[in-house]
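Asker:
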Amino acid sequence: MAEIVLERLAHAYAPGAPYALKPLQLTWRNGGTYALLGPSGCGKSTMLNIISGLLRPSEGRVLFDGRDVTALDTGVRNIAQVFQVPVIYKSMTVGENLGFPLVCRGAPAAKIKARVEAVAERLGLAPILSKPANALTADLKQLVSLGRGLVREDVAAILLDEPLTVIDPQLKFDLRRILKEINEEFRLTMVLVTHDQTEALTFAEEIVVMNHGEVVQMGSPTELFERPETEHVGWFIGSPAMNFLPALLEKDRIIVPGTDLSVAAPAALPQGNLKIGFRPEHATLSPMAGDLEGKVTRIWFEGADEVLGIDWNAHRVKVRVSGTSPARIGEAVSIAVPTNRLCVFLDGRRLHLG
Amino acid sequence: MRTFYLSLKYLAVVLWSAFVIFPFLWMLSTSFKTANAVTAGAKWLPWVQFEPSLAGWQSLFGGVGGINIVKPYLNSGIVTLSGSAIALVLGTLAAYGLSRFTFKAGPLGNGDITFFFISQRIMPPIVLAIPFFLMLRFLGLLDTLPGLILIYVAMLMPIAVWVMVDFFNSVPRGLDEMAWMDGCAPVTTFVRVILPNAVPGLVVAAMFCVIFGWNDFFFAFTMTFTEVQLLPVSIVALNSSVTPWWSLSAAAIVSVAPLAVLAFVVERFLSRGGLAGAVR
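Sequence order for the protein chains is S and G.
Position one of the first sequence corresponds to residue 1 (full-length UniProt numbering), numbered consecutively onward.
Position one of the second sequence corresponds to residue 1 (full-length UniProt numbering), numbered consecutively onward.
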């Protein structure tokens with residue numbers, strides 16, 4: 001259990017090569033749940049490997065509870081990691097797998113037995129302790145991997161590198177619940193790497209969104225949803241993604257021409273490509289003349305909700321309505337968005353308006 | 001239609017089996033013949049077509065004009081097994097290092113080192129005969145079992161390295177990394193985590209080593225004089241101006257027997273899928 005600080009950390013795989021991880025500064029509180037969210041190849045795994053010590057960063061320091069561990073070996077850091085593809089000691093039983101980290105650290109046999117039994121009990125692995133680990137299903141293997149972290153009471157952090165990718169949807173849900181419960185029970189620092197926003201949003205207290213080796217935004221799920229710092233975050237978080245419409249400055253307002261969507265412009269606005277964005281969840285169908293009029297071209301059924309695809313000027317705007325909407329495909333509709341829900345982006349970055 | 005294909009398949013298997021088994025049956029029947037029966041054309045049913053004789057087999061165990069095969073047989077066993085075992089241990093360690101760690105010697109890297117091992121099997125063995133001879137003479141190990149074992153280790157290790165590098169490359173690195181994270185030292189990681197997963201590869205490597213070692217004639221012949229004799233050399237010693245097909249056949253059966261048993265055992269491993277990806 002530790003607070004993890006990444007201090008002016010950056011990494012390039014070869015001297016002079018472009019950064020795989022651009023300089024960043026992060027603090028992970030002890031006992032917090034974090035998610036690293038971003039598309040493949042954005043530097044998530046590089047960051048994870050630096051924390052676990054499999055990779056030595058080319059710049060900056062890694063601190064565990066204030067102690068510089070940058071040069072320490074993986075084993076000494078006392079980190080546990082669950083990998084994307086279940087990695088398991090095939091030649092051992094479930095129990096031996098769970099006990100292995102303690103065996104490696106030379107713990108007394110009685111203690112190992114007690115810890116293994118406790119962890120197996122907690123994870124529901126007790127009935128299969130003596131089974132060969134190789135025979136387990138993927139989700140159980142991931143549980144065993146997790147268990148190998150939990151047997152060490154002093155484990156600094158548990159790193160989860162897309163651990164749910166190969167798991168069946170139903171079991172995914174269970175496993176995510178178990179992860180959450182474990183975190184609450186043991187107050188372990190947990191970092192989940194994922195490219196699945198639902199996973200990130202439901203698991204983590206704080207989400208680090210990454211793109212092209214850069215930390216784009218770090219914040220709570222609500223923050224990311226309500227106030228995305230960049231167009232990329234708006235597009236990446238939320239399903240469907242944020243709507244973006246081209247905007248321009250007219251007198252003292254930023255407007256989307258041909259609509260009533262407009263925001264008061266700040267005093268000094270630099271030149272650049274302007275866009276106005278809003279969440280499908282924040283728009284409503286308006287029976288009277290709304291802010292924007294378009295034609296319904298698609299309707300996605302999503303259980304309690306429906307998502308309408310509305311075409312306007314060669315753009316498709318999505319609107320989430322609860323229940324079944326009266327709108328039909330081909331029908332012209334009008335939508336309204338409260339002004340305080342509109343975000344303005346200049347060259348891909350959100351403008352902080354008053 | 002399905003039965004038709006199935007019968008075709010069985011027919012093919014039967015034909016192929018006949019093709020493979022026939023030489024062995026021929027060898028077996030020849031080993032019980034005498035000179036006359038051998039030269040009298042294609043006859044192979046004992047008692048019906050020819051009168052069986054034990055002369056061929058007797059000549060393997062100190063019979064008239066023969067040899068005693070027991071000592072060379074044991075020698076071959078000792079040299080092959082210890083040579084293979086040592087080559088396997090050294091080769092596996094080397095292969096793990098080459099698969100997991102990066103080595104640099106000037107412009108040369110891991111691939112070059114691996115090839116350097118394999119390249120020893122590329123040149124004809126005759127090239128090595130004189131250096132090996134001089135080295136063994138220097139060590140005073142000419143015409144001794146330890147000397148032969150040394151040579152066999154040198155000749156078999158490249159095979160072990162070759163097979164095992166390929167195998168370790170197919171064992172995911174994540175396994176090593178996980179063990180390090182669990183607090184395992186590199187040596188413990190190798191012994192307790194990687195090696196148990198490498199058993200199929202070890203079986204294949206061991207099989208190749210044993211086959212190559214057991215069948216070697218060249219070094220068995222050039223590095224020995226009178227004290228130590230290995231099986232292939234002693235079989236050649238059976239030969240005379242009139243080729244004794246009967247005793248040669250008996251000797252061939254005896255020397256191929258252990259390899260046949262080995263093939264059966266390993267085949268079990270292969271068919272269980274345990275070796276998937278072990279040999280390409």
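The C-beta atom is built at its ideal place from N, Cα and C for all residues, glycine as well.
Keep in mind that this is a model prediction, so the values were computed, not measured.
Show which residues of chain B have a CB atom less than 8 angstroms away from the CB atom of S/R105.
Answerer: Absent from the structure: chain B. Protein chains present are S and G.
Asker: Determine the closest residue to S/G219 out of S/W28, S/P39, S/K180 and S/A118, with distance taken between C-alpha atoms.
Answerer: For the residues S/W28, S/P39, S/K180 and S/A118, the minimum Cα distance to S/G219 belongs to S/W28.
Asker: Taking the alpha-carbon positions, what's the G/L275 to G/F264 distance?
Answerer: Caution is warranted here: a pLDDT of 44 is assigned to G/L275, below 50, making its placement in the model unreliable, and the coordinate value is therefore given only provisionally. Rounded to the nearest angstrom, the two C-alpha atoms are 15 angstroms apart.
Asker: Between the Cα of G/L139 and the Cα atoms of G/A252, G/V48, G/L231 and G/M223, which residue gives the shortest distance?
Answerer: For the residues G/A252, G/V48, G/L231 and G/M223, the minimum Cα distance to G/L139 belongs to G/M223.
Asker: Can you list, in chain order, the residues of the segment 155 to 174 of chain G whose Cβ is nearer than 8 angstroms to any Cβ on chain S?
Answerer: Cβ contacts with chain S come from P172 and G174.
Asker: Can you find a C-beta in chain G that's less than 9 angstroms from the C-beta of S/Y89?
Answerer: Yes, S/Y89 counts as interfacial toward chain G.
Asker: Compare the C-beta of S/I182 against all C-beta atoms of chain G and say whether one is closer than 9 angstroms.
Answerer: For S/I182, the answer is no, since every Cβ of chain G falls outside 9 angstroms of its Cβ.
Asker: Just to confirm, are S/A120 and S/L98 a CB contact at a threshold of 9 angstroms?
Answerer: Cβ atoms of S/A120 and S/L98: closer than 9 angstroms.
Asker: Give the list of continuous alpha helix (DSSP H) stretches no shorter than 4 residues that lie fully inside the segment 216 to 303 of chain S.
Answerer: Those alpha helix (DSSP H) runs which fall completely within the segment 216 to 303 of chain S and span 4+ residues are 221 to 226 and 231 to 236.
Asker: From G/A251 to G/T189, what does the alpha carbon distance come to, in whole angstroms?
Answerer: The alpha-carbon atoms of G/A251 and G/T189 are separated by roughly 46 angstroms.
Asker: State the beta-bridge partners of S/S334 as determined by DSSP.
Answerer: Partner(s): S/E293.
Asker: What are the start and end residues of each continuous beta strand (DSSP E) run of 3 or more residues lying completely inside the segment 152 to 228 of chain S, in chain order?
Answerer: Listed in chain order, the complete beta strand (DSSP E) runs (minimum 3 residues) inside the segment 152 to 228 of chain S are 157 to 161, 190 to 194, 206 to 211 and 214 to 219.
Asker: With 9 angstroms as the threshold, decide whether the Cβ of S/G53 is near any Cβ in chain G.
Answerer: Interface residue, yes.
Asker: I'd like the span of the beta strand (DSSP E) that includes S/E59, first residue to last.
Answerer: Where S/E59 is concerned, the enclosing beta strand (DSSP E) stretches over E59 to F64.
Asker: Of all the options S/A336, S/I207, S/G213 and S/V344, which has the alpha carbon lying nearest to the alpha carbon of S/E231?
Answerer: S/E231 has its Cα closest to that of S/V344, out of S/A336, S/I207, S/G213 and S/V344.
Asker: Leaving out the 5 sequence neighbours to the left and right, which residues in its chain are closer than 6 angstroms to S/W300 when beta-carbon positions are compared?
Answerer: Within the same chain, S/W300 has close Cβ partners V307.
Asker: From the DSSP output, in three-state form, read off G/W245 for me.
Answerer: Helix.
Asker: Let's test the definition: count the other Cβ atoms within 10 Å of the Cβ of G/G91 and tell me whether it reaches 16, buried, or not, exposed.
Answerer: Counting Cβ neighbours within 10 Å, G/G91 comes out buried, since at least 16 surround it.
Asker: Between the C-alpha atoms of S/V333 and S/P228, what's the straight-line distance to the nearest angstrom?
Answerer: For S/V333 and S/P228, the distance between alpha carbons rounds to 27 angstroms.
Asker: Could you say which of S/F100, S/P240 and S/A204 lies nearest to S/E223 if we only look at CA atoms?
Answerer: Nearest option by C-alpha distance: S/A204.
Asker: Three or more C-beta pairs closer than 8 angstroms, one from the segment 58 to 73 of chain S and one from the segment 129 to 141 of chain S: is that the case here?
Answerer: With the cut-off at 8 angstroms, the segment 58 to 73 of chain S and the segment 129 to 141 of chain S do not touch.
Asker: May I ask you to report which of helix, strand or coil DSSP gives S/K131?
Answerer: S/K131 falls in the coil class under three-state DSSP.
Asker: If you reduce the DSSP assignment to three classes, tell me which class S/A80 lands in.
Answerer: Looking at S/A80 - three-state DSSP - the assignment turns out to be strand.
Asker: Among all the DSSP beta bridges, which residues are the ones paired with S/S322?
Answerer: Per DSSP, S/D305.
Asker: Under 8 angstroms: do the segment 313 to 333 of chain S and the segment 285 to 294 of chain S share three or more Cβ pairs, one atom per stretch?
Answerer: Short answer: they touch.
Asker: Interface residues of chain S around G/P196 at Cβ under 9 angstroms?
Answerer: Those are Y89, K90, S91 and M92, listed as they occur along chain S.
Asker: Please state the DSSP three-state secondary structure of G/V48.
Answerer: It is coil, neither helix nor strand.
Asker: Would you mind giving the Cβ-Cβ distance between S/L123 and S/L143, rounded to the nearest angstrom? I have them listed as a contact below 8 angstroms.
Answerer: That belief holds up - the Cβ atoms of S/L123 and S/L143 are roughly 5 angstroms apart, short of 8 angstroms.
Asker: Whose C-beta lies closer than 7 angstroms to the C-beta of G/L136 among residues of the same chain, with five residues either side of it excluded?
Answerer: The answer, listed in chain order, is L142, G147 and M223.
Asker: Should S/K141 go down as buried or exposed, given a rule of 16 or more other Cβ atoms within 10 Å for buried?
Answerer: Classification for S/K141: buried.
Asker: For G/A260 versus G/M164, is the C-beta spacing smaller than 9 angstroms?
Answerer: No, the Cβ-Cβ distance between G/A260 and G/M164 is not below 9 angstroms.
Asker: Between which two residues does the beta strand (DSSP E) harbouring residue 385 of chain S extend?
Answerer: Not covered by the structure: residue 385 of chain S. The range shown for chain S is 1 to 354.
Asker: Given a cut-off of 9 angstroms, decide if G/S247 and G/G56 are closer than it, judged by their beta-carbon atoms.
Answerer: Yes, Cβ-Cβ distance for G/G56 and G/S247 is below 9 angstroms.
Asker: By Cβ distance below 6 angstroms, which residues in the same chain neighbour S/Q84 in space, the five residues on each side in sequence not counted?
Answerer: Cβ within range, chain order: D161, E162 and T165.
Asker: Would you kindly report the start and end of the unbroken beta strand (DSSP E) that includes S/I4?
Answerer: Its beta strand (DSSP E) spans residues I4 to H11.
Asker: Against G/T188, what residues of chain S qualify as contacts under a CB-to-CB distance less than 7 angstroms, listed in chain order?
Answerer: Going along chain S in sequence order, the residues near G/T188 (Cβ under 7 angstroms) are C104.
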